[in-house]
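Counting in this note's numbering, the final residue of the sequence shown is number 382, and the numbers go up one at a time with none missing. Since the structure comes first, as structure tokens, the remarks are kept for the end.
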Amino acid sequence: MQRLAPALREDNVPLDLISLIKTILAATKEISFRVSQAQLGDIMGSTSDENIQGEVQKKLDVVANDLFKDILLESGFVKAISSEEEDTSVAGEKDGKYLVSFDPLDGSSNIDINSLIGTIFSIHEAPSDMDASDPDMFKQAGHKQVCAGYVLYGPSTMLVMTTGRGTHFYVLDRTHGGYILVERNVQVPVDTQEFAINMSNQRFWQPAMQNYIGDLLAGDTGPRGKNFNMRWIAAMVGDIHRVLCRGGIFTYPTDSKNAKQPYKLRLMYEANPMAFLLEQAGALAMTSEGRIMDIEPTDIHQRVEVIMGSKNEVEACLSYYK
Ligand code: AHG
Ligand code: MN
Ligand code: MN
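So this is what it looks like as structure tokens:
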């Protein structure tokens with residue numbers, strides 16, 4: 061077991077990026093503490109505000125967002141930040157080398173029931189020729205990320221991170237307050253018998269997804285010839301963590317529930333960072349039309365279809381779209 065900074069140096073991560081990562085992690089340690097305080101701190105329940113996504117903000121969404129924003133903008137390492145909870149990007153240091161996108165609190169509906177929640181982050185290099193206040197700096201494909209990760213505020217606080225040299229697991233050691241490497245180069249099994257999807261949307265899916273899930277449900281009496289189990293944590297961090305630990309397929313497919321919003325998950329704050337982590341662990345991260353990390357973003361808040369996880373199962377799902 062190794063501490064975070066030596067582990068990153070072993071992966072040849074540049075020193076300024078290590079410093080930025082440590083800054084991000086300082087905020088996660090504070091959030092982890094606040095989460096553990098529950099009703100003892102002022103973090104439960106909702107605010108009266110809506111975010112740019114049209115979702116009611118929970119108190120913890122706002123607390124976590126402010127913590128991240130303040131610590132990152134004060135650090136001097138970032139040229140700008142972009143958050144699911146901010147209307148547009150926020151300028152930092154004009155010579156800052158990096159851009160950080162984040163979902164400060166993923167799984168908001170789990171906050172008030174003491175269930176899994178997390179923080180997701182993604183780092184790109186900042187273009188040197190653009191103004192720090194220009195949100196177009198963030199319109200970079202996922203394959204250009206230099207680091208992505210999430211922190212899971214579960215029974216233990218875990219960091220899962222990649223800098224493009226494998227995906228590694230760390231646990232927050234509260235005895236000294238640092239993240240300790242516990243598993244290097246996680247590999248997602250290529251086959252699985254577990255799927256994660258919000259089944260309540262079934263009637264709104266496209267025929268391809270209806271048929272695919274129908275065949276999984278048919279189990280060993282259907283064309284797949286094996287039984288499948290279903291899990292849904294309602295926090296992408298939790299569902300993707302399970303996929304990284306033991307395989308599985310996670311999808312939030314296109315649906316027709318709301319004609320103006322055919323996709324639920326956000327490209328910059330959720331899909332791209334998870335795609336980077338999964339691909340670095342030998343898994344796939346796709347839409348029904350191609351690789352998530354090849355999408356050229358047109359809007360920092362854009363949403364996207366997501367089909368990700370164990371390689372053979374994602375390919376099986378995509379074959380229904382052909
Ligand atoms: P957020 O809490 O950041 O808004 O994200 C919630 C997302 C994602 O984490 C999860 O997989 C999905 O929304 C849950 O969707 P349902 O409400 O359909 O279960
Ligand atoms: Mn989220
Ligand atoms: Mn969120």
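Just so you know, even glycine gets a beta-carbon here, dropped at the ideal spot from N, CA and C.
{"Asked": "Taking DSSP as the reference, what is the three-state secondary structure of Pro164?", "Found": "strand"}
{"Asked": "For Glu330, verify whether its CB is less than 7 Å away from any heavy atom of ligand 2.", "Found": "yes"}
{"Asked": "Classify Ser142 as buried or exposed, calling it buried when 16 or more other Cβ atoms lie within 10 Å of its own Cβ.", "Found": "buried"}
{"Asked": "With a threshold of 6 Å on Cβ separation, who are the neighbours of Lys154 within its own chain once the five nearest residues in sequence on each side are excluded?", "Found": "Ala192"}
{"Asked": "Reducing DSSP to helix, strand and coil, say where Ser106 ends up.", "Found": "strand"}
{"Asked": "Can you give, in chain order, each stretch of the beta strand (DSSP E) that sits fully within the segment 83 to 163 and has at least 3 residues?", "Found": "106 to 110, 116 to 118 and 138 to 143"}
{"Asked": "Should Ala178 and Val303 be called a contact, given that it needs their Cβ atoms to be closer than 8 Å?", "Found": "Position check: residue 178 holds Gly in this sequence, whereas Ala was assumed. No; because the gap between Cβ atoms is not below 8 Å, this pair is not in contact."}
{"Asked": "Does DSSP put Gly282 in a helix, a strand or coil?", "Found": "coil"}
{"Asked": "Quick one: what does DSSP say Ser316 is sitting in, helix, strand or coil?", "Found": "coil"}
{"Asked": "Can the beta-carbon of Ile103 be found less than 8 Å from the beta-carbon of Leu80?", "Found": "no"}
{"Asked": "Can you have a look at Asn289 and say buried or exposed, based on whether 16 or more other CB atoms are within 10 angstroms of its CB?", "Found": "exposed"}
{"Asked": "Once DSSP output is grouped into helix, strand and coil, what is the label at Gln205?", "Found": "coil"}
{"Asked": "Is there at least one non-hydrogen atom of ligand 1 closer than 7 Å to the beta-carbon of Asp166?", "Found": "yes"}
{"Asked": "Would the C-beta of Tyr312 count as close to ligand 1, meaning under 7 Å from any of its heavy atoms?", "Found": "yes"}
{"Asked": "Going by DSSP, what residues sit across from Ser182 in a beta bridge?", "Found": "Ser161 and Ala208"}
{"Asked": "For Leu344, which option in Thr311, Leu325, Met328 and Val95 has the closest C-alpha, if you only look at C-alpha atoms?", "Found": "Thr311"}
{"Asked": "Leaving out five residues on either side along the sequence, give the residues of the same chain with a beta carbon under 8 Å from the beta carbon of Gln362.", "Found": "Arg326, Leu327 and Met328"}
{"Asked": "Have a look at the DSSP bridge pairing and note the partners of Met221.", "Found": "Gly209 and His228"}
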